[in-house]
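Written out below as structure tokens is the structure these notes cover.
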Amino acid sequence: MYDSVIDPTLGPAGDARGRTALAPRPGDLSGLRLGLLANTKRNAEEFVEEVAGLLESQHGVQKVLIRKKPSIVEPAPPEMLEELRAECDVVVVGVGDCGSCSASAVADGLQLEEAGIPAVVIVSDAFRVSADAMATLQGTEGYQYVTTPHPVANLSRQGVRDRATAAVPEIVALLRGPNVAPAS
Amino acid sequence: MSAQTDLPTADPDAARAAMEHCYEQGWSDGLPLVPATRPLVDEFLATVDRRPDEVIGALEHLDRSVTVEVAAINAAMAGCRPEYFPVVLAAWEAVQRDRSAKGGGWQSTSGPSPLLVVNGPVRTELGFNSTGGVFGPGFRPNMTIARSIGLIVRNALGVVPHGFEQATQGLPGRWQVCIAENEEESPWEPLSVEGGVPAGTSAVSAMLTRTVEYVDNRHTADPEQLLADFADTLSRTGALIFRNAPAGIVFCPEHAQMLAGAGMSKADVRAWLVERCGRSKADLARVGKDGVGDNGVRFAEGTPSDAVDPLFAADGPEVLPIAVAGARNAGISMVVRVFAGWSASSVPVEGRTTPSAPSPSDPAQRSAS
Chain A
7 MYDSVIDPTL GPAGDARGRT ALAPRPGDLS GLRLGLLANT KRNAEEFVEE
57 VAGLLESQHG VQKVLIRKKP SIVEPAPPEM LEELRAECDV VVVGVGDCGS
107 CSASAVADGL QLEEAGIPAV VIVSDAFRVS ADAMATLQGT EGYQYVTTPH
157 PVANLSRQGV RDRATAAVPE IVALLRGPNV APAS
Chain B
74 MSAQTDLPTA DPDAARAAME HCYEQGWSDG LPLVPATRPL VDEFLATVDR
124 RPDEVIGALE HLDRSVTVEV AAINAAMAGC RPEYFPVVLA AWEAVQRDRS
174 AKGGGWQSTS GPSPLLVVNG PVRTELGFNS TGGVFGPGFR PNMTIARSIG
224 LIVRNALGVV PHGFEQATQG LPGRWQVCIA ENEEESPWEP LSVEGGVPAG
274 TSAVSAMLTR TVEYVDNRHT ADPEQLLADF ADTLSRTGAL IFRNAPAGIV
324 FCPEHAQMLA GAGMSKADVR AWLVERCGRS KADLARVGKD GVGDNGVRFA
374 EGTPSDAVDP LFAADGPEVL PIAVAGARNA GISMVVRVFA GWSASSVPVE
424 GRTTPSAPSP SDPAQRSAS
């Protein structure tokens with residue numbers, strides 16, 4: 007009956023690239039080279055640095071580099087991705103703490119996985135919706151990430167440390183495995 | 074109302090069902106949509122000399138883009154008449170020139186909304202409101218052209234509330250503010266002239282905004298007292314996030330004429346405000362915003378002093394655009410909270426902005442006769 011009414015969208019988003027398979031998981035983190043990918047939001051760098059410190063002291067990883075993304079909206083540019091791919095065994099991405107950067111953090115996690123690097127994305131729990139929307143847009147509905155309570159931007163360094171401490175067990179679990187994508 | 078008898082094919086139940094269909098597809102901003110059919114969209118496309126598949130905007134990080142045709146479909150659904158379409162395209166291009174619209178603006182927690190300003194003869198050709206109640210509602214081109222931009226963002230870019238759109242509260246009048254400048258009662262050059270388009274040429278200017286707030290001053294005949302009232306509203310701390318903040322003013326004719334009567338050009342007004350707007354470090358410390366980080370974001374540093382942080386980063390129309398609109402009946406103007414700044418680049422309206430020849434299939438044409 008409504009065939010004559012034109013769809014104002016450009017068709018359904020997503021699924022063009024198909025589901026992103028997660029990179030193979032290492033099982034044990036000891037001795038692995040850790041990369042950090044932060045955005046420019048307040049406390050983002052501090053958060054991933056605190057996570058790195060805990061992963062070093064508790065799990066024997068070695069932090070080798072931290073990169074800050076030039077855009078909060080776009081995923082990391084190709085040269086930054088290549089650098090992470092070349093020099094790191096695992097990467098922690100964070101913190102998705104705004105409308106656009108929560109989505110782009112998930113996009114970063116997925117492009118790292120696609121490049122073969124196990125990655126974990128940290129997102130403020132107030133932005134699950136846009137993080138999930140990006141996973142769905144990229145054909146990977148149900149992509150798992152780690153949430154931390156909102157807000158992050160106004161935390162003290164000690165507050166950031168506490169949050170990182172709380173997040174590390176889940177980060178470790180997602181970095182180690184299981185080596186399967188969740189069912190869609 | 075004899076026109077009603079001319080609408081034998083407009084079955085009200087079918088019209089209602091078609092509107093409900095549009096809701097069910099998730100295309101609506103909450104208000105009823107005009108179902109877009111091929112003949113209707115073709116009428117829109119016929120007003121411009123543009124390829125329907127020309128891409129006129131994209132959010133690459135969301136893998137979405139906008140074409141001329143999709144813009145026409147959404148403009149039709151928004152309730153525009155076909156001859157508004159050249160203005161819709163100019164408005165869309167003007168919005169694209171705001172750097173935040175191509176970044177994360179539409180996804181932002183701040184939930185910004187475009188302010189569209191129309192200049193030139195198209196204002197009278199299409200019947201834009203430029204005078205009383207200019208911030209709306211009540212006038213079809215003002216309302217439907219602004220709504221078109223929102224529907225394009227929703228349907229073509231896929232930025233939908235509670236999805237990629239993460240506005241904390243949004244703002245009243247989002248996707249609803251398209252004003253025509255009251256050039257007839259403005260003492261100054263049109264905004265579009267500052268945007269690089271010659272006077273007398275129809276053009277649209279646009280900037281993303283976070284809200285508007287009134288300055289009601291019917292109390293003084295002293296231009297400096299009047300401007301000081303604006304400086305107070307402009308300088309309020311709640312609007313500050315970064316080191317500096319852009320802002321705009323839509324002056325009512327009375328205020329603009331008072332300032333011009335005192336010999337002030339638009340540039341003079343801007344210079345006066347740029348020099349005086351800002352807050353002391355003591356005021357800023359009181360609200361936890363006295364420090365400025367490397368990334369330009371303010372934070373609670375806790376070092377109050379008498380030193381003043383200026384509001385504006387520069388002294389041009391990019392940081393303080395000024396237009397004139399509204400009725401000449403009171404001293405009530407609007408401060409505009411500009412999201413990222415004005416491109417200072419207006420877009421000429423190109424296309425046919427007059428109705429096509431009456432056709433038997435066009436009920437609006439018949440009802441107008």
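Those sequence lines, one after another, are chains A and B.
Per this note's numbering, residue 7 is the first one in the first sequence, and the count goes up by one each step.
Per this note's numbering, residue 74 is the first one in the second sequence, and the count goes up by one each step.
Think of the CB as a built atom: it goes at the ideal place given N, C-alpha and C, for glycine as much as any other residue.
DSSP places Phe53 (chain A) inside the alpha helix (DSSP H), whose first and last residues are Ala50 to His65. With contacts defined by Cβ atoms closer than 7 Å, Ala276 (chain B) and Ser259 (chain B) do not form a contacting pair. The residues Pro125, Val141, Glu142, Ala145 and Phe158, in chain order, have a CB closer than 8 Å to that of Leu118 (chain B) in the same chain once the five nearest residues on each side in sequence are set aside. Setting aside the 5 residues that flank it on each side, Gln180 (chain B) is surrounded in the same chain by Val232, Phe237, Glu238 and Gln239, each with a C-beta closer than 7 Å to its C-beta; the list follows chain order. With a minimum length of 4 residues, the unbroken runs of alpha helix (DSSP H) contained wholly in the stretch 246–325 of chain B fall at 264–267 and 296–307. Between the alpha carbons of Arg73 (chain A) and Arg48 (chain A) lies a distance of about 15 Å.
When 7 Å is used as the limit between beta carbons, Phe53 (chain A) is near no residue of chain B, the shortest such separation being about 15 Å. Near chain A, meaning a CB-to-CB distance below 8 Å, the residues of the stretch 91–112 of chain B are Ala91, His94, Cys95, Gln98, Trp100, Pro108, Ala109, Thr110 and Arg111. Within 8 Å of the CB of Gly236 (chain B), the CB atoms of chain A belong to Val135, Ser136 and Ala139, in sequence order along the chain. For a Cβ distance threshold of 7 Å, residue set Leu135 and Asp136 of chain B lies close to Leu143 (chain A), ordered along the chain. Spatial neighbours of Ala318 (chain B) in its own chain (CB-CB distance under 7 Å, excluding positions within 5 residues in sequence) are listed in chain order as Ala312 and Leu384. With a threshold of 7 Å between beta carbons, Gln249 (chain B) makes no contact with chain A. In the three-state scheme derived from DSSP, where H, G and I count as helix and E and B as strand, Leu132 (chain B) is classed as strand.
Relative to Gln68 (chain A), the option among A:Ala125, A:Thr153, A:Arg39 and A:Glu93 whose CA is nearest is A:Arg39. Just measuring C-alpha positions, the residue of B:Ala380, B:Asp356, B:Leu244 and B:Ile222 sitting nearest Val168 (chain B) is B:Ile222. For Val127 (chain A), the beta-bridge partners assigned by DSSP are A:Val99. In the three-state scheme derived from DSSP, where H, G and I count as helix and E and B as strand, Ser136 (chain A) is classed as helix. Distance from Glu93 (chain A) to Val70 (chain A) at the Cβ level is roughly 6 Å; contact confirmed, criterion being Cβ atoms closer than 8 Å. Shown here for Pro155 (chain A): same chain residues with a beta carbon closer than 6 Å to its own, the five before and five after excluded, namely Asp131 in chain order. For Ser162 (chain A), the closest Cβ of chain B is not nearer than 7 Å. Note on the stretch 323–375 of chain B: whole alpha helix (DSSP H) runs with a minimum of 4 residues are 326–334, 339–349 and 354–359, in chain order. Around the C-beta of Thr282 (chain B), 16 or more other C-beta atoms lie within 10 Å, and the residue is accordingly described as buried. If you draw a straight line from the Cα of Gly399 (chain B) to the Cα of Pro326 (chain B), it is about 7 Å long. For the alpha helix (DSSP H) assignment, the uninterrupted runs of no fewer than 4 residues enclosed by the stretch 128–183 of chain B are, from N- to C-terminal side, 141–151, 158–169 and 172–175. For Ile177 (chain A), the enclosing alpha helix (DSSP H) covers residues Arg163 to Arg182. As summarised for the stretch 391–419 of chain B, the continuous beta strand (DSSP E) elements at least 3 residues long and confined to that stretch are 395–397 and 405–411, given in chain order.
Using beta-carbon distances, Ile146 (chain B) counts as an interface residue toward chain A, with a partner under 7 Å. For Pro187 (chain B), the uninterrupted beta strand (DSSP E) run begins and ends at Ser186 to Asn192, by DSSP. Residues of chain A whose Cβ lies closer than 7 Å to the Cβ of Thr182 (chain B) are, in chain order, Cys104 and Gly105. Here Pro263 (chain B) is not near Glu257 (chain B), since their CB atoms are 7 Å or more apart. No residue range can be given for Val158 (chain A), since it is assigned to no beta strand (DSSP E) and is classified by DSSP as neither H nor E. For the options A:Val79, A:Ser106 and A:Glu88, the alpha carbon positioned closest to that of Glu120 (chain A) is the one of A:Glu88.
Shown here for Leu106 (chain B): same chain residues with a beta carbon closer than 7 Å to its own, the five before and five after excluded, namely Met92, Cys95, Trp100 and Met150 in chain order. Contact annotation: Val97 (chain A) and Ala141 (chain A) have beta-carbon atoms that are not nearer than 7 Å. Ile218 (chain B) counts as buried, since no fewer than 16 other beta carbons sit within 10 angstroms of its beta carbon.
DSSP places Asp86 (chain B) in the uninterrupted alpha helix (DSSP H) bounded by Pro85 to Glu97.
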